[in-house]
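> For the sequence shown, my numbering begins at 1 and goes up steadily by one.
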Amino acid sequence: MPASTTPADAGKPRILYLSRSDISAVGGDRCDLYLQALANALVLHAEGRTIQPLKPYLRVHGKEGHIADRIIAMPAHVGEGPGISGLKWVGSKHDNPERVGLERASAVTVLNDPATNYPIAILEGGLISAWRTAAVTILAARHLARNGFTDVALIGCGVIGTAQITALLQQFGHVSTVHLYDWRREAADALVARITAEYPKITVTVADSAEQAVRAADLIVPCTVTDQPYIEAGWLKRGAFLSNVSIMDVHKDVFLTADKVVVDDWEQSNREKKIINQLVLEGKFSRERLHAELGEILAGSRPGRETDDEVIVLNPMGMAVEDIACAAEVYRRALGEGVGTWLDLY
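1) How would you label residue 21, buried or exposed, when you count the other beta carbons within 10 angstroms and need 16 or more for buried?
2) Mind checking which residues open and close the alpha helix (DSSP H) that includes residue 254?
3) For residue 287, does the count of other Cβ atoms within 10 angstroms reach 16, so buried, or fall short, so exposed?
4) DSSP puts residue 314 in a beta bridge; with which residues?
5) How about residue 348 and residue 42: do their beta carbons lie closer than 8 Å?
6) Could you give the DSSP three-state label for residue 40: helix, strand or coil?
7) Can you tell me which of the three DSSP states residue 89 falls into?
8) What does the Cβ neighbour count give for residue 61, buried or exposed, with the cut at 16 atoms within 10 Å?
9) Starting from residue 106, trace the alpha helix (DSSP H) in both directions and tell me its first and last residue.
10) Looking only at C-alpha atoms, which of 82, 138, 14, 123 sits nearest to residue 38?
11) Residue 119 lies in the beta strand (DSSP E); which residues open and close that run?
12) Classify residue 343 as buried or exposed, calling it buried when 16 or more other Cβ atoms lie within 10 Å of its own Cβ.
13) Hey, how far is the Cα of residue 113 from the Cα of residue 123?
14) From the DSSP secondary-structure annotation, give me the bridge partner or partners of residue 74.
15) Go ahead and pull the three-state DSSP assignment for residue 306.
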């Protein structure tokens with residue numbers, strides 16, 4: 001955890017502001033920076049050694065609004081000793097790209113020094129969110145994907161999806177083919193150009209449908225803003241690993257027929273009428289039917305993949321402990337490298 005800057009040791013309260021470019025400057029635009037901090041946080045969480053209240057959703061238009069139109073408050077405390085506390089405040093409007101030319105999601109993360117509870121840093125949160133989400137898939141794939149998997153499918157080629165596929169190509173040199181699908185063909189084509197420029201030996205195809213992409217892949221990552229499931233259990237070939245990043249994409253039968261279902265946090269997954277919560281309310285799924293939380297697998301207390309033909313689903317809701325642990329690592333590196341802008345609190 002980073003050294004603190006408190007009223008006592010700095011003379012007056014100050015906050016380090018880190019923009020997206022500052023975060024990139026210390027390595028925050030790759031998943032490498034986040035992997036160890038994230039793994040540590042997930043293990044601590046699985047062992048009950050973090051504090052993470054259930055995140056509230058602010059939906060201005062209530063049930064009438066789009067499922068991706070919300071602002072979420074994500075508080076947590078993570079780390080041994082004094083550790084670090086913080087909050088990610090993340091907003092989303094599904095039509096931002098088309099309506100105003102902005103990314104769908106935006107965020108800021110505030111870090112607080114537990115010794116005083118004073119804020120010590122404010123970080124742009126969108127870049128960290130994208131890469132910590134990608135890093136979760138990477139950590140999970142190391143334990144849940146079939147060894148030597150070659151074909152990856154990405155459904156949704158926006159900011160989150162781009163980070164996911166880039167991280168997978170950075171971390172797994174045995175990937176040979178990427179299957180892309182986005183209802184906006186121009187988004188898929190743009191990502192094809194980016195991947196082929198950086199990885200000329202990778203075969204990249206744009207599928208005619210989500211089904212075509214999913215059926216071809218060993219590892220599937222949906223990154224969409226859909227509020228209606230479309231991925232069916234019959235699309236998944238034996239041995240497939242599905243990292244269900246955007247949560248609402250898979251039909252109920254995927255969870256009911258998978259050999260193993262893994263979540264990052266059971267309480268977070270079983271709420272807000274998401275698919276798992278719907279199944280619980282229907283009496284078709286339960287904590288007992290869950291294979292594990294991801295932190296348990298990383299800690300070695302639960303097994304990951306055990307056979308090549310298992311179909312495994314990860315349902316990563318996204319946790320505040322992940323954001324705070326990753327933001328803390330960015331903050332620590334920024335302090336060490338003298339990056340960022342100091343702001344007086346008073």
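For glycine and all other residues, C-beta sits at the position ideal for the given N, C-alpha and C.
In this structure, then:
1) What you label residue 21 is simply residue 21 of the sequence shown in a count that begins at 1. Answer is exposed; the Cβ neighbour count stays below 16.
2) Here residue 254 refers to the residue found at position 254 when the sequence shown is read from its first residue. Unbroken alpha helix (DSSP H) run through residue 254: 252-257.
3) Within the sequence shown, residue 287 is the residue found at index 287, counting from 1. Burial check for residue 287: the Cβ neighbour count within 10 Å stays below 16, so the residue is exposed.
4) Mapped onto the sequence shown, residue 314 falls at position 314. In the DSSP assignment, residue 314 is bridged to 243, 262.
5) Past the boundaries of the shown model lies residue 348; the chain is included only from 1 to 346, so the question cannot be answered.
6) As a working mapping, residue 40 is identified with position 40 in the sequence shown. The three-state secondary structure of residue 40, taken from DSSP, is helix.
7) The count along the sequence shown starts at 1 and reaches residue 89 at position 89. Strand at residue 89.
8) Sequence index remark: in the sequence shown, residue 61 carries index 61 (1-based). Classification of residue 61: exposed, given that the 10 Å Cβ count is below 16.
9) Along the sequence shown, read from residue 1 onward, the residue named residue 106 stands at position 106. Per DSSP, residue 106 belongs to no alpha helix (DSSP H); it is in the beta strand (DSSP E), 105-113.
10) For the purposes of this step, residue 38 is taken as residue 38 along the sequence shown, with counting starting at 1. Closest option to residue 38, Cα to Cα, is 138.
11) Locating residue 119 in the sequence shown gives position 119, where the first residue counts as 1. Per DSSP, residue 119 belongs to the beta strand (DSSP E) from 118-124.
12) As a working note, residue 343 is residue 343 in the sequence shown. With fewer than 16 other beta carbons inside 10 angstroms of its own, residue 343 counts as exposed.
13) Your numbering for residue 113 matches position 113 in the sequence shown. Your numbering for residue 123 matches position 123 in the sequence shown. So the two alpha carbons sit approximately 15 Å from each other.
14) The sequence position of residue 74 within the sequence shown is 74, counting from 1. Beta-bridge pairing by DSSP links residue 74 to 88.
15) Mapped onto the sequence shown, residue 306 falls at position 306. DSSP places residue 306 in coil when its eight states are reduced to three.
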